[in-house]
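Accompanying notes for the structure given below.
Protein chains: 2
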Amino acid sequence: MKRRQFLAAGATAAVAAPIASPAIAQSAPSVRWRLVSAFPKSLDTLYGGSVELARRVSEATDGQFQIQPFAAGEIVPGGAAVIDATSKNTVECCHTCSYYGIGIDPTFAFGTCVPFGPNARQTNAWLTVGGGNDVLNEFYAKHNLYALPAGNTGVQMGGWFRKEINTVEDLKGIKFRVGGLAGNVLLKLGVVPQQIGGGDLYSSLERGTIDAAEWTGPYDDEKLGLYRVAKYYYYPGWWDQGTVISMMINRAKWDELPARYKAVLSNACAATNQWMQAKYDHENPIALKRVVAAGAILRPFSPAIMEASFKATQQTYDEINASNPTFKKILGEVMAYRDATSLWWQVSELPYDINIANLIRRAR
Amino acid sequence: MKRRQFLAAGATAAVAAPIASPAIAQSAPSVRWRLVSAFPKSLDTLYGGSVELARRVSEATDGQFQIQPFAAGEIVPGGAAVIDATSKNTVECCHTCSYYGIGIDPTFAFGTCVPFGPNARQTNAWLTVGGGNDVLNEFYAKHNLYALPAGNTGVQMGGWFRKEINTVEDLKGIKFRVGGLAGNVLLKLGVVPQQIGGGDLYSSLERGTIDAAEWTGPYDDEKLGLYRVAKYYYYPGWWDQGTVISMMINRAKWDELPARYKAVLSNACAATNQWMQAKYDHENPIALKRVVAAGAILRPFSPAIMEASFKATQQTYDEINASNPTFKKILGEVMAYRDATSLWWQVSELPYDINIANLIRRAR
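Respectively, the protein sequence lines represent chains R and D. Counting in the numbering used here, the first sequence runs from 1 upward without gaps. Counting in the numbering used here, the second sequence runs from 1001 upward without gaps.
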């Protein structure tokens, strides 16, 4: 819909155009949306993404399209509640990991990431150019939602463990705070998955109620102080290997936006998507050095643990696939994308990053 | 500058507001810019970035801010000429690798990438959150320019060689089409750098006028047909390891844009920055398989060649630093950023990508 409004000459002349004539006046409906973030304000990168997004939209419309972010708990709790509130039009939109909705349908996971899926850049490629976001929105439409990627953490850490995990056997009986599909996968390896909010992780680890906890990466984890109560910091977080944060919008609210505001919002989401990744890529290296200096001990998951986790992931997928054809279809597409991309990665990003790591080390 | 224009009630009522009242009419000066791309239309990802950018700006302003892209050669030739034309206000803006301007000042390289610098995501982090873009714009201001990142190729390939290059000795006397600072570096290793346009690479390789040529990556290289005349395809391209394409704007033109259009343009550049990376990440894996199927033989540069190149790069930097304090200052910042980020990469992206490559291989 084109809504250019050519006004009477008198009104046009009153517009102070700093650059060029003709200046026209554009129809600029006042739109006020409430956004519920799945995250608390203390997570200034995750919650900060919604602030960044709202700022970009407001500035690109001279304040006519305003999105007001609310932190988790202010209107609704975080997690699946923000998706539900958006779906039901309690609020117009939310900024969240779609995978908080896997209790509704495991298919919600693909909007964020799934265990052993493509990394952040590969996921962006699938969503942005490979048709992935259209595939997701076909599914979201059934839940009255429209979504755009608007943030990413990159590869997260595998979590804080109170003792070393050297073998697959060592995982047995470990009470591990881990969310989503990874919990289902790790259950197959004897782990006892725990659901505990971020605010309780420190005390749970300190008291030994749990043995391990994963959150995101060094920058966010540091704020929880986990390095003081569980010093082994494992990597990589194979279940959060390019975690997308989505702008999810009530479908009717999206549909009724003027085309110009849709464009503004799409651009702002893409810009925020990039900003959040950049913010994490900037902060995590600094925070990693601090937590290591404070006593964190970095440990890779062993190849055997990675292999066992990979196989248990496939079993988990087979189980979901058996009863969920939409999940099966999208999983096939996502994993084919990952596989097709991996060869390219092995002659581009990977060898460059490996060489740089070695060259810097030898040059010291 | 806020330019909200509250019109008389009669005019406001005439605006068809599909969503909410009050609708106001915004001052929307008509801005028409000409953009000169450094790239030909056949490079639909590099040139396509300017089209994508222009589309995003237009849609977010209902066509009131229009940027018309011109391919290399249409108004000015590609390369440094587009930067010069923008600096002199022959055109309002260009979409280019800033490093085409290193003949003016080697400092122009940092807006794109420098040999053995940070990778694409790390560069984005430096530019977007780490203050890098402000540092660059301080320098650009001396050339009447303002720039925003608006595209990236990721790690490029190291080029097509007619024979295998196994040792540092094998590089001696090789006539290699390679641009920019990499040419200076490789000269120290006995390479004879050649400057040849993309359109002449095929025939030069076929006739043996040159022994090797680098362009970008599989998707672009395939179009030139280089795999038919030089089958050894080396990696990684350590001089183009996260090549930024910049939107460079004549400073006065940027300064006089209304705040809203600055915001629209900034968002569109960030969105395009992400789009181009996604497009390459989508297309390169597919094209890589095609060129390999057509006979290309993938070869890594040996550790010894990488090490010798790394050392020769440092010598090159030392020489430039000796007479160019701005280059020296920014180089120090960029390389400190790379080093600080490398440890984080080694516990996040790298181990994940390595594991995935191995797990996929073993699962087959």
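Positions of the beta carbon are idealized from the N, C-alpha and C atoms, including for glycine.
At 9 Å on the CB atoms, spell out the chain D contacts of E110 (chain R), in chain order. As written in the sequence, residue 110 (chain R) is Phe, which differs from the Glu given in the question. The contacting residues do not exist; F110 (chain R) stays about 17 Å from chain D at best.
On the CB-based measure, 16 or more other CB atoms within 10 Å of its CB, does P1325 (chain D) come out buried or exposed? It counts as exposed.
Between T1128 (chain D) and chain R, is the shortest Cβ-Cβ distance under 8 Å, so that the two count as touching? By this cut-off, T1128 (chain D) is an interface position.
Would K1223 (chain D) count as contacting chain R if we go by Cβ distances under 8 Å? No, because no Cβ of chain R sits closer than 8 Å to the Cβ of K1223 (chain D).
Which runs of the alpha helix (DSSP H), 4 residues or longer, sit entirely within the segment 1254 to 1311 of chain D? Listed in chain order, the complete alpha helix (DSSP H) runs (minimum 4 residues) inside the segment 1254 to 1311 of chain D are 1259 to 1293.
Can you name, in chain order, every residue of its own chain whose Cβ lies under 7 Å from the Cβ of Y1219 (chain D), other than the five neighbours on each side? Its chain contains T1045, Y1280, E1283, N1284 and A1287 as the residues whose beta carbon lies nearer than 7 Å to that of Y1219 (chain D), once the 5 sequence neighbours on both sides are disregarded; these appear in chain order.
Quick check on the DSSP output: what are the complete beta strand (DSSP E) runs of length 3 or more inside the segment 80 to 129 of chain R, in order along the chain? 93 to 96, all fully within the segment 80 to 129 of chain R.
Leaving out five residues before and five after I356 (chain R) in sequence, what residues of the same chain have Cβ atoms less than 6 Å from its Cβ? Within the same chain, I356 (chain R) has no close Cβ partners at all.
Going by DSSP in three states, N321 (chain R) sits in which element: helix, strand or coil? Here N321 (chain R) sits in helix by DSSP.
Name, please, each residue of chain D whose Cβ falls closer than 7 Å to the Cβ of Q122 (chain R). Contacts between Q122 (chain R) and chain D, judged by CB atoms closer than 7 Å, involve D1281 in chain order.
V292 (chain R) to G158 (chain R), Cα distance in whole Å? Each residue's Cα considered, the two are about 15 Å apart.
Within the chosen definition, does the segment 1090 to 1105 of chain D reach the segment 1303 to 1314 of chain D through at least 3 CB pairs nearer than 8 Å? For the pair of segments examined, the segment 1090 to 1105 of chain D was found not to touch the segment 1303 to 1314 of chain D: the number of CB pairs separated by less than 8 Å stays below three.
Assuming contact is defined by CB atoms lying nearer than 8 Å, are Q1122 (chain D) and T1341 (chain D) in contact in what I supplied? A contact, by the Cβ cut-off of 8 Å.
Contacting positions in the segment 325 to 352 of chain R - beta carbon closer than 8 Å to chain D: Look at the segment 325 to 352 of chain R: the residues with a C-beta under 8 Å from a C-beta of chain D are R338, D339, A340, T341, S342, L343, W344, W345, Q346, V347, S348, E349, L350, P351 and Y352.
List, in chain order, every chain D residue whose beta-carbon is nearer than 8 Å to that of V264 (chain R). Contact annotation for V264 (chain R) against chain D: A1060, V1264 and N1267 [CB-CB distance below 8 Å, chain order].
In angstroms with no decimal places, state the Cα-to-Cα distance between F1301 (chain D) and Y47 (chain R). Spanning the two alpha carbons is a distance of roughly 43 Å.
If distances are taken between C-alpha atoms only, which option among D:G1101, D:R1056 and D:V1036 comes closest to V1076 (chain D)? Checked all of D:G1101, D:R1056 and D:V1036; the closest Cα to V1076 (chain D) is D:V1036.
For F1176 (chain D), the first and last residue of its enclosing beta strand (DSSP E): Counted as a single uninterrupted DSSP element, the beta strand (DSSP E) harbouring F1176 (chain D) occupies residues K1175 to R1177.
For A212 (chain R), go through chain D and note every residue whose CB falls closer than 9 Å to its CB, in chain order. Result: empty, since nearest Cβ-Cβ is about 17 Å, beyond 9 Å.
Starting from the beta carbon of G154 (chain R), find every residue of chain D whose beta carbon is closer than 8 Å, and list them in chain order. Listed along the chain, the chain D residues whose CB falls inside 8 Å of the CB of G154 (chain R) are R1121, S1348 and E1349.
Nearest chain R C-beta to D1248 (chain D) closer than 8 Å, yes or no? Sequence inspection shows Met at residue 1248 (chain D); the Asp mentioned does not correspond to that position. Residue contact with chain R for M1248 (chain D): absent (no Cβ-Cβ distance below 8 Å to any residue of chain R).
Whole angstroms are fine: how far does the CA of P115 (chain R) sit from the CA of A1322 (chain D)? If you take the alpha carbons of A1322 (chain D) and P115 (chain R), they lie about 50 Å apart.
Rounded Cβ spacing between T107 (chain R) and F139 (chain R) (contact assumed at less than 8 Å): Their Cβ separation, rounded to whole angstroms, is 5 Å, which keeps T107 (chain R) and F139 (chain R) in contact under 8 Å.
One or two residues paired with L1187 (chain D) in a DSSP bridge: Its beta-bridge partners do not exist; DSSP assigns none.
Which first and last residues belong to the beta strand (DSSP E) in which R1362 (chain D) is found? Unbroken run through R1362 (chain D) is the alpha helix (DSSP H), E1349 to A1363; no beta strand (DSSP E).
For S21 (chain R), three-class secondary structure by DSSP: The predicted position of S21 (chain R) is uncertain, since its pLDDT is 44 and thus under 50; a value taken from the coordinates is nonetheless stated next. Of the three classes helix, strand and coil, the one that applies to S21 (chain R) here is coil, per DSSP.
Exposed or buried, Q1195 (chain D), counting other C-beta atoms within 10 Å across all chains shown (16 or more means buried)? Exposed, since its Cβ has fewer than 16 Cβ neighbours within 10 Å.
Since A81 (chain R) and L181 (chain R) should fall inside the 8 Å C-beta cutoff, what is the C-beta to C-beta distance between them, to a whole number of angstroms? That pair is no contact at about 19 Å.
Three-way DSSP call (helix, strand, coil) for N152 (chain R) in this model: Of the three classes helix, strand and coil, the one that applies to N152 (chain R) here is strand, per DSSP.
According to DSSP, what are the bridge partners of Y235 (chain R)? Y235 (chain R) is bridged to R:P300.
Span separating the alpha-carbon of A38 (chain R) from that of E1319 (chain D): Straight through space, the alpha carbons of E1319 (chain D) and A38 (chain R) are spaced by roughly 52 Å.
Through-space distance from M1276 (chain D) to V129 (chain R), alpha-carbon basis: Take the alpha-carbon of V129 (chain R) and the one of M1276 (chain D): they are about 9 Å apart.
Residue of D:E1256, D:P1303, D:L1127 and D:K1188 minimising C-alpha distance to V1031 (chain D): Looking at the Cα atoms, D:E1256 is the closest of the given residues.
Could you tell me which chain D residues have their CB closer than 9 Å to the CB of F194 (chain R), listed as they occur along the chain? Looking at the sequence provided, one finds Gln at residue 194 (chain R) rather than Phe. Chain-order list of chain D residues neighbouring Q194 (chain R): empty, with the shortest C-beta distance near 24 Å, by a criterion of under 9 Å.
With burial defined as no fewer than 16 other Cβ atoms inside 10 Å of the residue's Cβ, what is the status of Y1352 (chain D): buried or exposed? Residue environment for Y1352 (chain D): buried (at least 16 other C-beta atoms within 10 angstroms of its C-beta).
Segment contact, 8 Å Cβ cut-off, at least three pairs: the segment 1147 to 1157 of chain D with the segment 1235 to 1252 of chain D: Judged by Cβ distances under 8 Å, the segment 1147 to 1157 of chain D makes contact with the segment 1235 to 1252 of chain D, as three or more pairs qualify.
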